[in-house]
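Notes follow the structure.
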Amino acid sequence: MFRPNKKLTQSVTFTTEDAADQALWEAIEKELSLTKYQTFSNLCKQALWQFLFVSESPATPPSLSSMPAMPVSSPKLEEQITQLQKQLSHLEHQMLASEETRFQQLQRQLTQMTQQLAQLQVAVTLQPSSPTPEAVVTQTPQPPSIQPVAEPVQPEEKPTPQQESDPVLQRLSSLIDDF
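Going by the working numbering, the final residue of the sequence shown carries number 1093, and the count climbs one at a time with no gaps.
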């Protein structure tokens, strides 16, 4: 009946004149576009497997929608599917929780950076009003609301680092203006 063939590759020809071939080819293209099967070869193998081994009815072959996915171990498969769905749900919850904590951390960091930017903006606006660092020393008796802001930004002991930080403050002030 069937001669064993050592050839592993078989070809299938679809003619453009035959309407049945065209309809079959369109169905194949549609199935492949859904990425259910990665290649035409995989699709053919699956169809042949189902046709030859799964459906053992000698009459007409059943349609693809009425074929069972796996004939015997249906309850076991359903149990495995349920377990996989539970695992997937658990992983989704974990991912959402981790994303939520990351989001909260980012919000806290953004708030801190906004506060630091506001402090730098105040420092930048106060800096042009003071002509020299010596004038800042004479202004220390002013109200305490100005002193805490000016002291961390402008240390009295080291006037040279203050001059080095001016370009940075200028860049930050332009960013603040843009903001």
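Note that beta-carbon positions come from the ideal geometry of N, C-alpha and C, so glycine has one too. These figures come from a predicted structure and were not determined experimentally.
- Every candidate beta strand (DSSP E) stretch fails here, since none sits fully inside the segment 980-1045 while reaching 3 residues.
- Taking 8 Å as the upper bound for CB-CB distance, residue 1090 and residue 1035 are in contact here, some 5 Å apart.
- If you draw a straight line from the Cα of residue 1026 to the Cα of residue 1086, it is about 15 Å long.
- For residue 957, the enclosing alpha helix (DSSP H) has its first and last residue at 954-963.
- With a cutoff of 9 Å on beta-carbon distance, residue 936 and residue 930 are scored as near each other.
- Apart from the 5 residues on each side of it in sequence, residue 998 has no Cβ closer than 8 Å to any other Cβ in its chain.
- In this structure residue 939 does not touch residue 954 by the C-beta definition: roughly 10 Å separates them, more than the 8 Å allowed.
- Following the DSSP letters along the chain, one finds residue 931 in no alpha helix (DSSP H), marked with neither H nor E.
- Contact annotation: residue 1037 and residue 1083 have beta-carbon atoms nearer than 9 Å.
- Residue 1088 and residue 1022 have their alpha carbons spaced roughly 23 Å apart.
- Ranking 989, 960 and 1015 by CA distance to the CA of residue 945 puts 960 first.
- Note that the C-beta distance between residue 1041 and residue 1080 is below 9 Å.
- When secondary structure is reduced to three states using DSSP, residue 938 falls in the helix class.
- In the three-state reduction of the DSSP assignment, residue 948 falls in the coil class.
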